[in-house]
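Using the numbering used here, read the sequence shown as starting at 67 and increasing by one per residue. Here the structure comes first, spelled out in structure tokens, and everything after it is commentary.
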Amino acid sequence: MQNFERIFDMHQPPFKADSLDAMEYSILGFFKAEDSSRPQLERISDHEIKVSIDERKAQKAQKQFDKAVEHSNAHKFNSARFALREAIGLWPYNSEYHRLLAQVTMEGGDLEKAQDSCLDALLLDDKNLWALLLMGNILSAKGNTEAADGYFSKILQYHPDNALALNNLGGIYCKQGKYAKGKELFEKSLSIDPENLNPYYGMALRGAVQYWSETKKHQSFADWLESNAEESMTYFDFNEGWWRRIRTSNCVERLNKEIKKRTKVVGVFPNPESCERLIGSLLMEQHEEWMEEKAYLTEKEMEKSAFCA
Numbered sequence: 067m068q069n070f071e072r073i074f075d076m077h078q079p080p081f082k083a084d085s086l087d088a089m090e091y092s093i094l095g096f097f098k099a100e101d102s103s104r105p106q107l108e109r110i111s112d113h114e115i116k117v118s119i120d121e122r123k124a125q126k127a128q129k130q131f132d133k134a135v136e137h138s139n140a141h142k143f144n145s146a147r148f149a150l151r152e153a154i155g156l157w158p159y160n161s162e163y164h165r166l167l168a169q170v171t172m173e174g175g176d177l178e179k180a181q182d183s184c185l186d187a188l189l190l191d192d193k194n195l196w197a198l199l200l201m202g203n204i205l206s207a208k209g210n211t212e213a214a215d216g217y218f219s220k221i222l223q224y225h226p227d228n229a230l231a232l233n234n235l236g237g238i239y240c241k242q243g244k245y246a247k248g249k250e251l252f253e254k255s256l257s258i259d260p261e262n263l264n265p266y267y268g269m270a271l272r273g274a275v276q277y278w279s280e281t282k283k284h285q286s287f288a289d290w291l292e293s294n295a296e297e298s299m300t301y302f303d304f305n306e307g308w309w310r311r312i313r314t315s316n317c318v319e320r321l322n323k324e325i326k327k328r329t330k331v332v333g334v335f336p337n338p339e340s341c342e343r344l345i346g347s348l349l350m351e352q353h354e355e356w357m358e359e360k361a362y363l364t365e366k367e368m369e370k371s372a373f374c375a
């Protein structure tokens, strides 16, 4: 049987205290678990305590965590929260359990509870990269950019060579309007991992947003670009040969014009059903014509695409 063991110093976070008694009280208060999982505390010096925990329930907790990850990836955040609470109830000593709970709670819109869970994650592992990033995002969403920058700076301190973290942090700084700092991090991310194309995308997007933001007449477009650029670029996920055709919605716009033209001829429909029949027959006609003569995105072709890989 394996045990979780970790040594805490009373002079250092997360259980900084004036005495070992006060430190023990803080540790037991944090590790709120069932009696069978409560930690064993051993004073190994005049300022250090070793925490040991029986790991018999860890395997069950991991299964619940795996379920939570699946639910979260499927955007089933309520189910994910339930599974995470089960996992934490069994094994409250894993920083990632608390970090993911903070993330799905933030997705649900409760920033206060998300912040509490994220703090729990950082108490267990103050260098947890994704918990630091998430805490910064939570504080930014609450308008506390100064405190958020404190957590972001810790990412640069603890994980200076993590290309993905640098790329994400670059995007966050650009959203705050700190384009020079964001560009610097994008370039550093590229120097570490030149094969990763995300920093190029980030620099291009932020450059465009900055340009249109500085043109007062086009601020609304800059705001739209900030929010919707990712969706408008999804055609890059398909084979390059299709980009020219699927990057616009021209075919849909032409269909809408045809519907307007035909309904205008009728003028006033006697009832809603007659309108539905006319439009329905037109849509069916267009569908059949498309499938027989113009379709280029077949299931067989999509199986070959990068989008489905």
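No residue lacks a Cβ here, since even glycine has one placed at the ideal position from N, Cα and C. It should be emphasised that the depicted structure is a prediction, and the values quoted were computed from it without experimental measurement.
Can residue 32 and residue 268 be called in contact, C-beta distance under 7 angstroms?
This structure gives no information on residue 32, because the portion of the chain shown stretches from 67 to 375.
Counting Cβ pairs, one atom from each stretch, are 3 or more of them under 8 angstroms apart for the segment 213-227 and the segment 169-182?
no
Beta-bridge partners of residue 154, as assigned by DSSP:
Residue 154 is not bridged to any residue.
Minimum length 4: unbroken alpha helix (DSSP H) runs contained in the segment 319-356
338-355
With a threshold of 7 angstroms on Cβ separation, who are the neighbours of residue 126 within its own chain once the five nearest residues in sequence on each side are excluded?
156
Which residue wins for smallest C-alpha separation from residue 94, given the options 136, 159, 148 and 124?
159
Whose CA, out of 152, 346 and 340, lies closest to the CA of residue 324?
346
For residue 80, collect the residues of the same chain with a Cβ closer than 7 angstroms to its Cβ; drop the 5 residues on either side in sequence, then sort them by chain order.
189 and 192
So, under 8 angstroms CB-CB, residue 131 and residue 170 are touching, yes? Tell me the CB distance rounded to an integer number of Å.
That belief does not hold up - the Cβ atoms of residue 131 and residue 170 are roughly 12 angstroms apart, past 8 angstroms.
With DSSP as the reference, label residue 182 as helix, strand or coil.
helix
Looking at residue 134: is its Cβ nearer than 7 angstroms to the Cβ of residue 124?
no
Curious, which full-length beta strand (DSSP E) runs of at least 3 residues does the segment 101-138 contain?
106-109 and 114-120
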